Amino acid sequence: MLKISFLPFLKLKRPPYMKQKIAQILTDVVQQLKEQGIIPESLNPRVNVENTRDKTHGDFATNLAMMLTKAAGLPPRTLAEKIVALVADEPLIEKVEIAGPGFINFFVNDSAKFSIVKTLLEQNSRFGQCNVGQGRSVLVEFVSANPTGPLHVGHGRGAAYGASVANLLAVAGFKVSKEYYVNDAGRQMDILATSVWLRYLSLCGETIVFPSNAYKGDYIYVISESLKTQFGDTLKRTALEVFAGVTPDEGLEEGDKEKHIDDLIVKAKNLLGATHYEAVFSAAVDSILLDIKEDLAGFGVTFDEWFSERALMDTGVIDAAIEKLQAADKIYEKGGALWFRSTDYGDEKDRVVVRENGLKTYFASDIAYHFNKLERGFDLLIDIWGSDHHGYVPRVKAAMQAMNTDPNALEVLLVQFAILYRGGEKLAMSTRSGQFVTLRELRDEVGCDAARFFYVQRKSEQHMDFDLDLAVSKSNENPVYYIQYAHARICRVLALSEERGYSFDAKAGLAALSCLNSEQETHIATELAKYPDIVARAAQVYEPHQIAYYLKDLAHALHSYYNASQFIVEEESVRQARLTLISAVKQVLQNGLAILGVSAPEKM
RNA sequence: GCGCCCAUAGCACAACUGGAUAGUGCAUCGCCCUUCUAAGGCGAGGGUUUCAGGUUCGAAUCCUGAUGGGCGCACCA
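For the first sequence, our numbering assigns the number 667 to the initial residue and increments by one for each residue that follows.
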């Protein structure tokens, strides 16, 4: 599907964008410099064309002369003169200048600047698509929060970032799948199930001293209530038999909170029996997972696959992975446990995959999981993790190497924590204690668009301060409204134009583009032309924030234009041309906001 | 103690991956609504890019060291 949509773009012999055109011209020049013996034949410089920041530097600039100055043995400005002399005549280029230490500046004429509008309106929602992915398949795994409670605002950043990266890669020509790895196995899940059961026992009238290490959030009550509705008193046991022989909790004599909860888990399993324990366990996991799914869907984040860790265990995939490592002699036994030789691949120490008690570690499932991802045929794996997991990267890459796969097929993107403030004070968050601000609360308070934009306008590795009071009370100051407002304004103008009996005709507008010559108009055309380049670059480095910043710039150009000129004017050709230009802006705003998962409202 | 990440205007963040005079939004100050949405525009002030060295035509960006902050160093998940 995605591949097909790229065909119109690929069919073009030459990229339709000025920047690429100039790059091509310069590549030809480099060839001629070689033929003339000015630079060595073996040299293959990367031709670098940049958008200029300052209009007095023209529209595009290259540092080619400065880069080649050493190889040519000529001062940069002298070399620049030789390069300029070799630049082929191109009707779209008005003039070429040498400036500063040896920059070569290209000034493009107006018709070249506005030609982007035609390209844009032909491609519409496809404008900005590129082929850096070359149709390669990529699996983006993100969020993957343990289903032990609702998502909090810390998860929100990973969700917003991951979803935007996935969108970005799709636009850049990758075949993208999105996946959530569900850790529905292991001790944490047993603690969860036991927590629910204990709350249930309270509902049944038992007096329960709740363990300090159990999950305490309100959602635990909710799940236990539905358990009560479904099972009545069937799962009831007396507090006396539940706590008999259990290691005391923390704070008590000879107490130990870890042993306390582990003993209670064993009790729950024994007293309930496998079937009923499983019922409690499933009720807890299913309920929380459903909540997470709905929450994310409400946040505009969806997944192609919810990959279950239990399924991985039940189908023997983990055992198979360990056997594979054993066959490669990468596993040894020490102290009754099985260790993986991750130090062979640069990890700081070897890692346990099977514990002395026979239980497999989380790392063992993760090896199997990543191996499974590759077996499903993906060319590239992207994992988006919280930065607190950074120490985990070397061992997973080591496992991939041990399995004879290229560790570069895995790209781990780390997202820094959002540090929350309320009333100027840092908020501590913990799922266990039940003290945290949920993603749902954030969505309710500031709205989906504002939250998505807020998260994604920062570079992922940048630490982020999140002032909740500010986010709520001054949500109008979120730049997302600035961008959406530009879109709404354009929609309003186009609608009003129709109301006044002026039908908008893009064809007539394109034919009349030469009417456009104001500073604001050429600026908008220049901004529009940057978009495909921004997308390609952002995709290569997984940085959706670049789209956010670009959209702010484009919105600014539009607002500025809006204040400077009237669009719905008497003169047919001018009106059509202006409406055409702003509908091009509208299209790019839509395309860009779509990558960020933000809506483009017609009214505000 | 060792390792990873970060440090840019009062605040929150950018900076085309080594380019020209370091930008944007808040906040502050001045001006602009009888017009297509003022959730807007125009202008002003605000910087030794934490510090000290180094690399080169050129450094916020690369290297070394220091300082400050976040995180990680389990037979936990």
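Every residue gets a Cβ at the ideal spot worked out from N, C-alpha and C, and that includes glycine. Values in this document were obtained by computation on a predicted structure and should not be read as measured data.
Can you give me the Cβ contacts of residue i inside the same chain, cut-off strictly under 7 Å, excluding the 5 residues immediately before and after it?
i       : result
Thr904  : Glu872
Val1078 : Asp1049, Trp1051, Val1059
Tyr1121 : Gly822, Arg823, Ala826, Tyr827
Gly799  : Leu835, Ala838, Gly839, Phe840
Glu1268 : Ala1154, Cys1157
Tyr1228 : Arg1155
Tyr1208 : Val831, Leu1079
Phe969  : Lys844, Glu845, Tyr846
Leu1046 : Arg802, Val804, Ala1075, Glu1077
Leu734  : Ile705, Pro711, Leu745
Val753  : Ile691, Val695, Val762
Could you tell me if residue i is buried or exposed, where buried requires 16 or more neighbouring beta carbons within 10 angstroms of its beta carbon?
i       : result
Met1270 : exposed
Thr981  : exposed
Tyr1232 : Note that residue 1232 is Gln in the sequence shown, not Tyr. Gln1232 comes out exposed.
Arg1166 : exposed
Lys882  : buried
Thr693  : exposed
Gln1150 : buried
Val1251 : buried
Asn833  : buried
Lys679  : A caution first: Lys679 carries a pLDDT of 37, below 50, which makes its placement in the model unreliable, though a value can still be read off. Classification for Lys679: exposed.
Asp1110 : exposed
Thr1246 : buried
Thr1192 : buried
Lys1275 : Because the chain spans 667 through 1270 in this model, residue 1275 falls outside it and cannot be assessed.
Arg1042 : exposed
Gln1128 : exposed
Gly703  : exposed
Lys685  : buried
Arg853  : exposed
Glu975  : buried
Pro816  : buried
Could you check where the alpha helix (DSSP H) with residue i kicks off and where it finishes?
i       : result
Gly828  : 819–837
Asp1049 : That residue, Asp1049, is in no alpha helix (DSSP H); its beta strand (DSSP E) goes 1046–1052.
Leu1245 : 1238–1262
Leu1162 : 1145–1165
Asp1271 : No answer is possible for residue 1271: the residues shown for the chain start at 667 and end at 1270.
Val1062 : 1059–1068
Between which two residues does the beta strand (DSSP E) containing residue i stretch?
i       : result
Val1122 : Element bounds for Val1122: not the beta strand (DSSP E) but the alpha helix (DSSP H), 1114–1122.
Lys1269 : Premise fails: Lys1269 is in no beta strand (DSSP E) and is neither H nor E.
Ile759  : 759–765
Glu807  : 803–807
Glu1127 : Careful: Glu1127 lies outside any beta strand (DSSP E) and carries neither H nor E.
Val1078 : 1076–1081
Among residues of its own chain, excluding the 5 on either side of residue i, which ones have a beta-carbon nearer than 6 Å to its beta-carbon?
i       : result
Val875  : none
Thr913  : Asp922, Lys925, His926, Asp929
Ala727  : Glu716, Thr718, Phe769, Asn771
Ile1234 : Ser1163
Arg1017 : Phe1006, Ser1008, Phe1029, Arg1061
Thr1188 : Lys779
Gln1186 : Ser1226, Tyr1227, Ala1230
His723  : Asn771
Tyr1197 : Gly794, Val1254
Please list, in chain order, all residues of the same chain as residue i whose beta carbon is under 8 Å from its beta carbon, the five residues on each side excluded.
i       : result
Asp1072 : Met1066
Task: Stretch pair the segment 818–830 + the segment 990–1006: three plus CB contacts closer than 8 Å - done: In short, these stretches do not touch, since the Cβ pair count stays below three.
TODO: Please list the segments of the beta strand (DSSP E) lying wholly inside the segment 949–1030, counting only runs of 3 or more residues, in order along the chain.
DONE: You should have 971–974, 997–1000, 1003–1006, 1017–1020.
Task: Segment contact, 8 Å Cβ cut-off, at least three pairs: the segment 914–933 with the segment 881–899 - done: Too few Cβ pairs lie closer than 8 Å, so no.
Open item on the list: I'd like the ranges of any alpha helix (DSSP H) spanning at least 4 consecutive residues and lying wholly in the segment 1174–1231.
Closed with: Segments of the alpha helix (DSSP H) lying fully in the segment 1174–1231: 1185–1206, 1211–1230.
Task: Cβ contact check for the segment 803–816 and the segment 757–772: 3 or more pairs under 8 Å - done: No: fewer than three Cβ pairs fall under 8 Å.
Open item on the list: Three or more C-beta pairs under 8 Å: does that hold for the segment 1247–1264 against the segment 790–799?
Closed with: Verdict: yes, contact present.
TODO: Answer yes if the segment 1158–1176 comes into contact with the segment 850–864, meaning at least three C-beta pairs across the two stretches below 8 Å, and no otherwise.
DONE: Between the segment 850–864 and the segment 1158–1176, the count of Cβ pairs shorter than 8 Å is below three; the stretches do not touch.
Task: Inter-stretch contact at 8 Å, needing at least 3 Cβ pairs: the segment 747–758 / the segment 708–717 - done: Here the segment 747–758 does not lie against the segment 708–717, with fewer than 3 beta-carbon pairs under 8 Å apart.
Task: the segment 1063–1077 contacting the segment 1122–1129, beta-carbon criterion three pairs below 8 Å - done: Contact between the segment 1063–1077 and the segment 1122–1129 is absent: fewer than three C-beta pairs spanning the two stretches fall below 8 Å.
Task: Three CB pairs or more closer than 8 Å across the segment 1032–1044 and the segment 1060–1071 - done: By the criterion of at least three beta-carbon pairs nearer than 8 Å, the segment 1032–1044 is in contact with the segment 1060–1071.
Open item on the list: For a minimum of 4 consecutive residues, which ranges assigned as the alpha helix (DSSP H) are wholly contained in the segment 775–800?
Closed with: DSSP runs (the alpha helix (DSSP H)) wholly in the segment 775–800: 776–789.
TODO: Counting only runs of 4+ residues fully inside the segment 827–909, write out the alpha helix (DSSP H) ranges in chain order.
DONE: For the segment 827–909, the full-length alpha helix (DSSP H) segments reaching 4 residues or more read 853–869, 884–897, 905–909 along the chain.
Task: In chain order, each beta strand (DSSP E) run of at least 3 residues that lies wholly inside the segment 906–942 - done: Whole beta strand (DSSP E) segments, 3+ residues: zero.
TODO: Ignoring anything shorter than 4 residues or poking outside the segment 696–756, list the alpha helix (DSSP H) runs there in chain order.
DONE: Qualifying alpha helix (DSSP H) stretches, in chain order: 730–738, 742–752.
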